[in-house]
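A.B. asks: One structure is given below, represented as structure tokens, and several questions about it will come after.
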Amino acid sequence: MIKCPPYPVFLLLLFFRIFLAMAQNTTIPINVGVVLDFDSRLGKIGLSCINMALSDFYASHSNYNTRLVLHTRDSTRDVVVAADAALDLIKNVEVQAIIGLKSSKQANFVIDLGDKAQVPIMSFSATSPSLRGSYFFRIAQNDSSQVRAISTIIQAFGWSEAVPISVDNEFGEGVIPYLTTALQEVGARIPYWSVIPSKATDDQIVAELYRLMSMQTKVFIVHMLPSLGSRFFAKAKDIGMMEEGNVWITTNGMANSFSTSSSSVDIDNMQGVLGLKTYVPNTKDLENFRARWQTKFQQDNPTILNVKLDVFGLWAYDAAWALALAVEKVGGTNFSFRKMNGSHNSTDLGSLEVSQGGPELVRELSSTRFRGISGDFSLINGQLQSSTFQVVNVNDNGERGIGYWTPQNGLVRNIISTRNTNRYSTSNASLGPIIWPGDTTLAPRGWQIRPNGTIKVLVPVKVGFEEFVTVRHDSSTNTTKVTGYCIEVFDAVIKALPYPVPYEFYPFAKPNGKIAGRYNDLVNQVSLGNYDAAVGDITIRANRSLYVDFTLPFTESGISMVVPIKGKHDAKSTWVFLKPLTWDLWVTSGCFCIFIGFVVWFLEHPINEDFRGSPHHQIGTSFWFAFSTMVFAHRERVVSNLGRFVVIIWCFVVLVLTQSYTASLSSILTIQQLQPIVTDVNLLLKNGDNVGYQAGSFIYEILSQLGFQDDKLRTYRSAEELDELFRNGNENGGISAAFDETPYMKLFLATYCSKYTLVEPTFKADGFAFVFQKGSLLTLDVSTAITQVHEGDKMKAIEAKWFKKKASCSNPNTAGSYDTLSLDSFWGLFIVAGVASSLSLLICVAMFLYEHGHILTCIDSKASFRTRIREVLRAYDQEDKKSKKDSVQGIAAVESSPNTNCLCLRRPSRSRHPNKIIPEIVLEEQGTTCTQHSELNPNVQATQEIECAIELTAMT
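FYI, in mature numbering (1 follows the signal peptide of the UniProt record, and there is no 0) the residues of the sequence shown are -23 to -1, 1 to 933.
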């Protein structure tokens, strides 16, 4: 007999089993649409990866409440069918999100449906940058993220031009604006944009390839899908565009498929191609997934062989995983649709309902972060953040990795070793060895000169100044020989290029050999494409630069004026000795002489007999002393230290002035013989003189702008004609001056240096340069070669050969006016002398007032200020015996007791008679000094004279 469990226990077990069964059936289904081309390889791979992602996700998150339910639709590679499928999924199935949409063209319309119905649209293969929408999520790399990598490669190899080749749809056109900007940032330009129809025939592809073949640029950037790109490269190989000299770079649209399927891209037609491939870090999880996927895909599609998982499949896997994670965060209670307010349209588009959970689902998707099998998954503005690319080189039977590009480090050889560095590399040395088209390891130049390899160079035909360009036609051999300075410089520059450039000269002449036009006409022939370049004495002008390119100038720049030289009699001018100094310097020097004389007199007058005497004598001595220092002929002794200080400073100033004057006068007496008759253009205009210019030159326009009338202008074609115009003179229909570019004038002076001279450039000009077609790739390299030739000795040798001077002109005289010495050159010296003199004068006055201040206090307080000043000046005019005694050697003094008078013997004064000495007696009392001899008592004076005689006897 079987015993049953007690009734309460039985109920408890039954309830527990029912609860578990209900828990397993409480998951919330969320409808999700999948729109793909199921007949395509990408569609099959994408759907397989989505199914595996959901299976793996819910296997590892079995406790989640939501479950994504896939509703698949086949777009059959048609944009309209794809849009209709999306509309059906939104309207009838009420899906909360749509995954798929293979092409950017399909996604472009469906994005608008998603925005209107608030249903997120997730694409893992629509990469065009033009796709935008509030509910659009690109789980793939944006095509614009690789343009900087492409521009870095262009910069690394020094290519200055590149031609993009794209398909004419959203995929191809969306990236071009970004590519153009990126190339401009590295100094490269796009001369042509090739557009291939998405359904182009082989004939259309071949026609476009022939057009590309005829261009100079040989760097091509291909942005196509593998189906069209494989046909394109097959035809390029057939017509010979995969040979040496060509550069092919493909975007990841093709490069991501290089190693995934042998039927998609024919590697044999792409030997030497560089490609940018999306970089996916290789992990154990990825390797495990690849193995599982390969097994499952082969089981589901046994008829499809040799298919490998590509990056689009990895992005499809991560997209489904991210959507499942975001849906779980939102929960399943708010996924419903409601009609839009005021919508009464009966059409399908007009009656679309709006998803209630769409906005919240968008927020959760935008904040979703996890480590996916394709790398770190994060969305910013609906865009997957993945910007690292691998640079691959197609060789033999597959691709070969040669480096990487990252936004932080640029081109790197190994991505792991540069993760901690911030240096951005733009060097091709950071890449591995590359095998280019034509099976060569030498990096292509990126352009070719002409299809036949020889450039056509136009040269002018000249009547005069043939040293620059000379064209000689030999009728017997029917050959033309072109020589001259410009031609030889061009030859040297072409030889300095790092590659050979064949060229051929063509004279700019009519069939009869005459000049075919002016220089502007010659330059215009290059701009029209009739010739590749022009070589000769062609000046860089702004108006010409609008339609042609100029190299760097290879001659001096500037427009100079040549005038006859003055006669030698000018150096014998009566007042030539005044010319070394300007009038203000003469006046300042004279004023300072007077001022220094006054200062020295003031300092020496009280103690120096040489500066005493009658007023006329003192004035004469002061002037004589000051001006005699100009030639260091002063003989008066200076006793005071302040006076000596002033004289030392002034002598230094005089020394500098006299030496400068001597040098300037010597220069005037020699250089003045070579002075031009006129150095100012305004003087020519004022006098109404005739001037000359070279026929056909742009100098005419400049002279007209200056104000020269046509009747005052004379033309010349050669150096001989210019000399004849000068010899005729202004009165006989000749000229007073000639204007031309400096190289012409120097060539003229090489022959006529004894008669004419060159005045410094009056106007600026850019010099002679070589002319190339606008945008020519030769311009930059030729400019660099010109610099190299200038730095060497080759240019000097060429100039010496063609501008050889006559023996009499071995030392050419380039006129230049002598520099008259002005006050500005010596202002500092005068300031020093003035400050030193004024300071000494102030010190002397201060010392005098300090020693004789009692004079002001002893005078009657009612005396006027004028009276006080008169007394001070009278005291200063009197001889300072004490200072004089302290300043003279051989002083004898006799001192008495403190309460009695003392007699002191001063230095004997010299009388007007040389042999007669008059002793000078001064009576000094304690506290009082008597300096007026007239106040002494006659008897006392007699006694003092006797005592002085005794003292003199005792001293001797």
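Ideal placement from N, C-alpha and C gives every residue a C-beta, glycine not left out.
Taking the straight line between their C-alpha atoms, what separation do you get for Lys79 and Trp424?
C.D. replies: If you take the alpha carbons of Lys79 and Trp424, they lie about 37 Å apart.
A.B. asks: Tell me whether the beta-carbon of Val748 lies closer than 8 Å to the beta-carbon of Val525.
C.D. replies: In contact: Val748 and Val525 (Cβ atoms closer than 8 Å).
A.B. asks: So, for Ile44: in the same chain, excluding its five sequence neighbours on each side, which residues have a beta-carbon less than 8 Å away from its beta-carbon?
C.D. replies: Note that residue 44 is Arg in the sequence shown here, rather than Ile. These residues qualify, in order along the chain: Thr4, Ile5, Pro6, Ile7, Tyr35.
A.B. asks: Lys472: buried (16+ other C-beta within 10 angstroms of its C-beta) or exposed?
C.D. replies: Lys472 comes out exposed.
A.B. asks: Am I right that Gly206 and Met231 are in contact with their C-beta atoms under 8 Å? What's the rounded C-beta distance?
C.D. replies: That belief holds up - the Cβ atoms of Gly206 and Met231 are roughly 5 Å apart, short of 8 Å.
A.B. asks: Around the C-beta of Pro421, are 16 or more other C-beta atoms found within 10 angstroms, so that it is buried, or is it exposed?
C.D. replies: By the neighbour-count rule (16 or more Cβ atoms within 10 Å), Pro421 is buried.
A.B. asks: Please go through the same chain and pick out, in chain order, the residues whose beta-carbon is closer than 8 Å to the beta-carbon of Ala159, but skip the five residues on each side of it.
C.D. replies: For Ala159, where only same-chain residues beyond five positions count, the Cβ hits under 8 Å are Val124, Arg125, Ile127, Ser128.
A.B. asks: Could you name the residues that DSSP lists as bridge partners for Ala232?
C.D. replies: The partner list for Ala232 (beta bridge, DSSP) is empty, contrary to what the question assumes.
A.B. asks: Classify Tyr187: buried if its beta carbon has 16 or more other beta carbons within 10 angstroms, exposed otherwise.
C.D. replies: Tyr187 should be labelled exposed.
A.B. asks: Using C-beta distances below 7 Å, list every residue in its chain close to Asp406, excluding the 5 sequence neighbours before and after it, in chain order.
C.D. replies: The sequence given here has Ala at residue 406, not Asp. Cβ neighbours of Ala406 beyond the five flanking positions: none.
A.B. asks: Below 8 Å on the Cβ atoms is my guess for Leu806 versus Val633; work out the distance and round it to an integer in Å.
C.D. replies: Leu806 to Val633, Cβ: 6 Å. Contact.
A.B. asks: Could you tell me if Pro97 is buried or exposed, where buried requires 16 or more neighbouring beta carbons within 10 angstroms of its beta carbon?
C.D. replies: Classification for Pro97: buried.
A.B. asks: Do you know offhand how far Asp451's Cα is from Thr457's?
C.D. replies: So the alpha carbons of these two residues sit roughly 6 Å apart.
A.B. asks: Roughly how many angstroms separate the alpha carbons of Asp801 and Trp560, rounded to a whole number?
C.D. replies: So the alpha carbons of these two residues sit roughly 12 Å apart.
A.B. asks: With a threshold of 7 Å on Cβ separation, who are the neighbours of Glu150 within its own chain once the five nearest residues in sequence on each side are excluded?
C.D. replies: Excluding positions up to five away in sequence, the list reads Ser143.
A.B. asks: Using a threshold of 8 Å, state whether the C-beta atoms of Gly441 and Ala715 are closer than that.
C.D. replies: In this structure, Ala715 does not lie closer than 8 Å to Gly441 by Cβ.
A.B. asks: Measuring straight from C-alpha to C-alpha, what distance separates Gly710 and Gly665?
C.D. replies: About 12 Å.
A.B. asks: From which residue to which residue does the alpha helix (DSSP H) around Pro203 run?
C.D. replies: Run containing Pro203: 203 to 215, per the alpha helix (DSSP H) assignment.
A.B. asks: Between Arg50, Thr49, Ile216, Leu31, which lies nearest to Phe41 when the distance is taken from Cα to Cα?
C.D. replies: Note that residue 41 is Tyr in the sequence shown here, rather than Phe. The option with the nearest alpha carbon to Tyr41 is Leu31.
A.B. asks: Quick one: residues in its chain with C-beta nearer than 6 Å to the C-beta of Phe266, no 5 flanking neighbours on either side, listed in chain order?
C.D. replies: Once the five neighbours on either side are set aside, the close Cβ partners of Phe266 are Ile350.
A.B. asks: Measure the Cβ-Cβ separation of Val87 and Ala117 and say whether it is below 8 Å.
C.D. replies: No, they are not a contact pair.
A.B. asks: How many Å lie between Phe315 and Ser121 at the Cα?
C.D. replies: Reading off the sequence, residue 315 comes out as Arg, not Phe. Roughly 37 Å separates the two Cα atoms.
A.B. asks: Which first and last residues belong to the alpha helix (DSSP H) in which Lys261 is found?
C.D. replies: Element bounds for Lys261: 261 to 277.
A.B. asks: Going by the beta-carbon positions, is the gap between Phe274 and Ser25 smaller than 8 Å?
C.D. replies: The answer is yes: Cβ separation under 8 Å.
A.B. asks: Measure the alpha-carbon distance for Ile763 versus Cys463 and round it to whole angstroms.
C.D. replies: About 12 Å.
A.B. asks: Could you give the residue range of the beta strand (DSSP E) that holds Glu718?
C.D. replies: 714 to 718 is the extent of the beta strand (DSSP E) around Glu718.
A.B. asks: Between Val576 and Ile584, what straight-line distance do the alpha-carbon atoms span, to the nearest angstrom?
C.D. replies: Computed Cα separation, rounded: 14 Å.
A.B. asks: In or out: Asp514 buried (at least 16 other Cβ within 10 Å) or exposed?
C.D. replies: Asp514 should be labelled buried.
A.B. asks: Among the candidates Asn374, Val369, Glu376, Asp373, whose CA atom is the shortest distance from the CA of Leu388?
C.D. replies: Among Asn374, Val369, Glu376, Asp373, the Cα nearest to that of Leu388 belongs to Val369.
A.B. asks: Restricting to runs no shorter than 4 residues, where is the alpha helix (DSSP H) found entirely within the region 631 to 697?
C.D. replies: 658 to 664, 676 to 683, all fully within the region 631 to 697.
A.B. asks: Mind checking whether Glu718 and Thr447 have CB atoms under 8 Å apart?
C.D. replies: No.
A.B. asks: If you count every other CB in all the chains shown that lies within 10 Å of the CB of Trp804, and 16 or more means buried, which is it?
C.D. replies: With fewer than 16 Cβ atoms within 10 Å of its Cβ, Trp804 is classed as exposed.
A.B. asks: Taking the alpha-carbon positions, what's the Met29 to Gly164 distance?
C.D. replies: Straight-line Cα distance between these residues: approximately 47 Å.
A.B. asks: Would you kindly report the start and end of the unbroken alpha helix (DSSP H) that includes Asn501?
C.D. replies: Its alpha helix (DSSP H) spans residues 496 to 504.
A.B. asks: Indicate the three-state DSSP secondary structure (helix, strand or coil) for residue 964 in the structure shown.
C.D. replies: No information on residue 964 is available, as it lies outside the stretch -23 to 933 that the chain covers here.
A.B. asks: Does the separation of the CB atoms of Gly673 and Tyr496 fall below 8 Å?
C.D. replies: The answer is yes: Cβ separation under 8 Å.
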